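The listed protein sequences correspond, in order, to chains A and B.
In case it helps, our numbering puts the first sequence at residues 38 to 327.
In case it helps, our numbering puts the second sequence at residues 54 to 432.
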Amino acid sequence: MFLEHFSNGIALGSIYALTAIGFTMVYGIIRLINFAHGDIYMVGAFIALLGITALNLPIVPAFLLGMAGASIVGILIAKFAYSPVFKAPRINLFLSAIGMALFLENFAMLVWGPETQSFPNVIKNTVYVFGGLRVSKLQLIILGTTIVLVLILTYIVQYTKMGKAMRCVSQDMDASRLMGINTNRIVYFTFALGSSLGAAAGVLVGMYYKAVFPMMGFVPGLKAFIAAVIGGIGSIPGAMLGGIIMGVSESLGAAYISSGYRDAIAFIILIIILLFKPAGILGKSVREKV
Amino acid sequence: MKKKRLLSGLLIGLMAFSLVGCGVSGDDISQIVIGSANPMTGDSAQFGDMKVKAIQLAIDEVNEKGGIDGKKVKLEIGDDTGNPKEAPNVAQKFASNDELLAVIGHWNSSCTLAARGIYDSSGIPVITDSVNKAVTDGTTPYVFRVSLTDTDQANKLAEYAYKKLGKKNAAILFTANDFGTGLKNDFTKKFESLGGNIVGTETYFEGQSKDFSPQLTKIKGKNPDLLFIAGYYVETALIAQQSKELGLDVDMLGTEGISSEELVKLGGDAVEGIKFTGFFHPEVEFPGTKEFVKAFREKYNKDPDTYGALAYDSAKLILEGLKKNGVSRDGIKKYLEEVKDFPGVAGPVSFKNNAASRNIIILTVKDGKIVPADIQPDK
Numbered sequence: 038m039f040l041e042h043f044s045n046g047i048a049l050g051s052i053y054a055l056t057a058i059g060f061t062m063v064y065g066i067i068r069l070i071n072f073a074h075g076d077i078y079m080v081g082a083f084i085a086l087l088g089i090t091a092l093n094l095p096i097v098p099a100f101l102l103g104m105a106g107a108s109i110v111g112i113l114i115a116k117f118a119y120s121p122v123f124k125a126p127r128i129n130l131f132l133s134a135i136g137m138a139l140f141l142e143n144f145a146m147l148v149w150g151p152e153t154q155s156f157p158n159v160i161k162n163t164v165y166v167f168g169g170l171r172v173s174k175l176q177l178i179i180l181g182t183t184i185v186l187v188l189i190l191t192y193i194v195q196y197t198k199m200g201k202a203m204r205c206v207s208q209d210m211d212a213s214r215l216m217g218i219n220t221n222r223i224v225y226f227t228f229a230l231g232s233s234l235g236a237a238a239g240v241l242v243g244m245y246y247k248a249v250f251p252m253m254g255f256v257p258g259l260k261a262f263i264a265a266v267i268g269g270i271g272s273i274p275g276a277m278l279g280g281i282i283m284g285v286s287e288s289l290g291a292a293y294i295s296s297g298y299r300d301a302i303a304f305i306i307l308i309i310i311l312l313f314k315p316a317g318i319l320g321k322s323v324r325e326k327v
Numbered sequence: 054m055k056k057k058r059l060l061s062g063l064l065i066g067l068m069a070f071s072l073v074g075c076g077v078s079g080d081d082i083s084q085i086v087i088g089s090a091n092p093m094t095g096d097s098a099q100f101g102d103m104k105v106k107a108i109q110l111a112i113d114e115v116n117e118k119g120g121i122d123g124k125k126v127k128l129e130i131g132d133d134t135g136n137p138k139e140a141p142n143v144a145q146k147f148a149s150n151d152e153l154l155a156v157i158g159h160w161n162s163s164c165t166l167a168a169r170g171i172y173d174s175s176g177i178p179v180i181t182d183s184v185n186k187a188v189t190d191g192t193t194p195y196v197f198r199v200s201l202t203d204t205d206q207a208n209k210l211a212e213y214a215y216k217k218l219g220k221k222n223a224a225i226l227f228t229a230n231d232f233g234t235g236l237k238n239d240f241t242k243k244f245e246s247l248g249g250n251i252v253g254t255e256t257y258f259e260g261q262s263k264d265f266s267p268q269l270t271k272i273k274g275k276n277p278d279l280l281f282i283a284g285y286y287v288e289t290a291l292i293a294q295q296s297k298e299l300g301l302d303v304d305m306l307g308t309e310g311i312s313s314e315e316l317v318k319l320g321g322d323a324v325e326g327i328k329f330t331g332f333f334h335p336e337v338e339f340p341g342t343k344e345f346v347k348a349f350r351e352k353y354n355k356d357p358d359t360y361g362a363l364a365y366d367s368a369k370l371i372l373e374g375l376k377k378n379g380v381s382r383d384g385i386k387k388y389l390e391e392v393k394d395f396p397g398v399a400g401p402v403s404f405k406n407n408a409a410s411r412n413i414i415i416l417t418v419k420d421g422k423i424v425p426a427d428i429q430p431d432k
């Protein structure tokens, strides 16, 4: 029983982690709490759905299409909604993000309709039983995809020139510009990368629950924010850890405390972390924030 | 000089014309407006959409025959977003419109409860399909209910589960709002009074919960022989799928909240065999059912659902009241109070203490289609 709850929590947690990484990256670069991130996740899921239903793509190309589409949307948002208010006080940027979130939700309702749409059954889901542990194929795919994407991201951030520039910009944007780094390009690149990870999470959720709808990004957006703060906002490993902690504690909390409190549990953990370690679990130990 | 005279002549003519115009429009209301207060955006927007489509169909049918008293009927749509905070704003807006004679809605109980006082104090008759029993507790005589109360429904379902299906140990999964909580309490009371056991109750949040594995894993540990789901179809489809994956193999029973084609679209194989209450099914025919389904299909290219059918009947009731008792709000109310066995497409309607009494049918999913179940409750 405990193991079952635990494996549910890991699957849920990997999705939170993917969403939280995109969130935390944007924060690391331009110090923006990007509340539109959850809705980019929704847009990614819808684009992948479009790829499957309208273009008859198999799941892997549709998945990549969703990620690519969302990164373009991410860049457009950065260009038209955020960069004009970039130099204005922080609150303007924040309000712009909330406006963007509302815009994306309502835009999706107009384009795709307000109904929940079913995501086609692209992968035959089988359940594997190891002793007392039940794991479904989809849960393994979610975990696997998350690990692969995080490895790719780590490679980009740690070993490429672009990644090096990102780390510089996150430390000091003005100094980076003086050193000849095109900071605008870095910001857009970060948005593209973060949005594509968000979209990946969205598509995985669509596959897992076989349902996609315009409001699907709202709660996960909030949860990603919490996961990022728990792990230490701005830190990629922190976001991963935060996501997993949230997923597992929600599953266990719903099982052993009460299913009515599962969303509250996320906030309780947030409050506890903020009380005892305001910078988040990995907030201090990791200096480079990307 | 000539030019000036021409101009003044024109001006006088214009003034005279506008005066005549005033006289005509000041006479009486020029059109009849019926309001629909439903969620058009937000998590429950699909239900509002279906209802508005059905109401518009009923209005079009009347307008094609020349309207009522030579006046065309118009539909005004208010969007409560399914949120009880928005509902009073919609009600206030409707109440300030003198041409508006009746309201159909709100869809969910929380919204109806939040707005009903405003309608009542402005004397606007309301027909709602909300099922919470407080909606028709006698304090708001202008609010009528066209569906069954959640209590009636839960009682009938508990009886059906215990007596007809022979279930003894039920688990309940309910949505955390007035609708779900009401159903849970009433079902529990009736099922236990019949001699059954409720082995576990779990809850979730409509429109937010997508992962039910903790609840279902817990329920699985209690070994129930029936899972009663008090919620709507989106979540029910997910619950059915996830319980398959978790290896929870149990009969499922739901309410009219899940009676929709979308349940099958979303749930696929997993919802095969699930049973739920219906007030309406195209194959369960009453006078007018066939014509309604045909007209709805032709106009919107999809089948009407329960809410659509009830909204259509509500609109017909209001329009009939306007024809019978003249164009006024109180005329409609009087008609609703007196009507006996109105031939609705979802079965005959009469109101007693503002609430409709009607029989339920049990529907099930078979080969990807919603059909009436083999075992039906006693009439």
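The C-beta atom is built at its ideal place from N, Cα and C for all residues, glycine as well.
The structure displayed is predicted, hence computed values, not measured ones.
Should residue i and residue j be called a contact, given that it needs their Cβ atoms to be closer than 8 Å?
i      : j      : result
A144/B : A90/B  : yes
G46/A  : L259/A : no
I84/A  : V159/A : no
E314/B : I423/B : yes
G331/B : I428/B : no
A236/A : G81/A  : yes
L370/B : F395/B : yes
L40/B  : F227/B : Residue 40/B is absent from the structure shown; chain B starts at 54 and stops at 432.
A229/A : S108/A : yes
M283/A : I306/A : yes
T90/A  : L319/B : no
A291/A : P92/B  : no
V392/B : V324/B : no
P157/A : P251/A : no
Could you tell me which residues DSSP pairs with residue i in its beta bridges?
i      : result
S173/A : V164/A
R198/B : T181/B and A408/B
N91/B  : D132/B
E255/B : L226/B
I157/B : S89/B and I180/B
N250/B : N222/B
A283/B : F227/B
G120/B : Bridge partners of G120/B: none, in fact.
D395/B : What sits at residue 395/B in the sequence shown is Phe, not Asp. BP columns for F395/B point to V402/B.
V206/A : Its beta-bridge partners do not exist; DSSP assigns none.
Q154/A : V249/A
K216/B : DSSP, once it has assigned bridges, lists no residue as partnering K216/B.
K127/B : V86/B
Considering just the uninterrupted stretch of the beta strand (DSSP E) at residue i, what are its terminal residues?
i      : result
T330/B : K328 to G331
T417/B : I414 to K419
G307/B : D304 to G307
V424/B : K422 to P425
P274/A : It is not in any beta strand (DSSP E) - P274/A instead sits in the alpha helix (DSSP H) that spans I273 to Y293.
Rounded C-beta distance between residue i and residue j? I'm assuming under 8 Å.
i      : j      : result
A54/A  : I281/A : 6 Å
V194/A : G200/A : 4 Å
V164/A : G300/B : 7 Å
S162/B : V188/B : 6 Å
A168/B : H159/B : 6 Å
I108/B : A364/B : 5 Å
N230/B : E259/B : 6 Å
Y225/A : I294/A : 43 Å between Cβ atoms; not a contact.
F304/A : G75/A  : The pair is not a contact, with the Cβ atoms about 16 Å apart (cut-off 8 Å).
G275/A : G231/A : No, G275/A and G231/A are not in contact; Cβ-Cβ is about 15 Å, not under 8 Å.
Mind checking which residues open and close the alpha helix (DSSP H) that includes residue i?
i      : result
E391/B : R382 to E391
A85/A  : H74 to T90
V143/B : A140 to A148
P98/A  : I96 to I114
Check your understanding: Quick one: any contact between the region 204–213 of chain B and the region 251–260 of chain B, if contact means 3 or more CB pairs under 8 Å?
Key -> no
Check your understanding: Is the number of C-beta pairs between the region 55–64 of chain A and the region 181–191 of chain A that are closer than 8 Å three or more?
Key -> Contact between the region 55–64 of chain A and the region 181–191 of chain A is established, with three or more Cβ pairs separated by less than 8 Å.
**Study point:** contact_flag[the region 115–135 of chain B, the region 174–193 of chain B] where n(CB pairs < 8 Å) is 3 or more
**Key:** no
Check your understanding: Does the pairing of the region 173–189 of chain B with the region 150–157 of chain B give three or more beta-carbon distances under 8 Å?
Key -> yes
**Study point:** contact_flag[the region 337–351 of chain B, the region 392–401 of chain B] where n(CB pairs < 8 Å) is 3 or more
**Key:** yes
Check your understanding: Given 8 Å as the limit, is there contact between the region 277–285 of chain B and the region 301–308 of chain B, that is, 3 or more CB pairs closer than that?
Key -> Touching, yes, given that three or more Cβ pairs across the two stretches are closer than 8 Å.
Check your understanding: Should the region 131–142 of chain A be called in touch with the region 102–122 of chain A, which here means at least 3 C-beta pairs below 8 Å?
Key -> yes
Review point. Quick check: the region 353–363 of chain B against the region 373–392 of chain B, are there 3 or more CB pairs under 8 Å?
Key: no
Check your understanding: Is the region 263–276 of chain A close to the region 60–74 of chain A, with three or more CB pairs under 8 Å?
Key -> yes
Review point. Using 8 Å as the Cβ pair cut-off and three pairs as the minimum, do the region 207–223 of chain A and the region 102–111 of chain A touch?
Key: no
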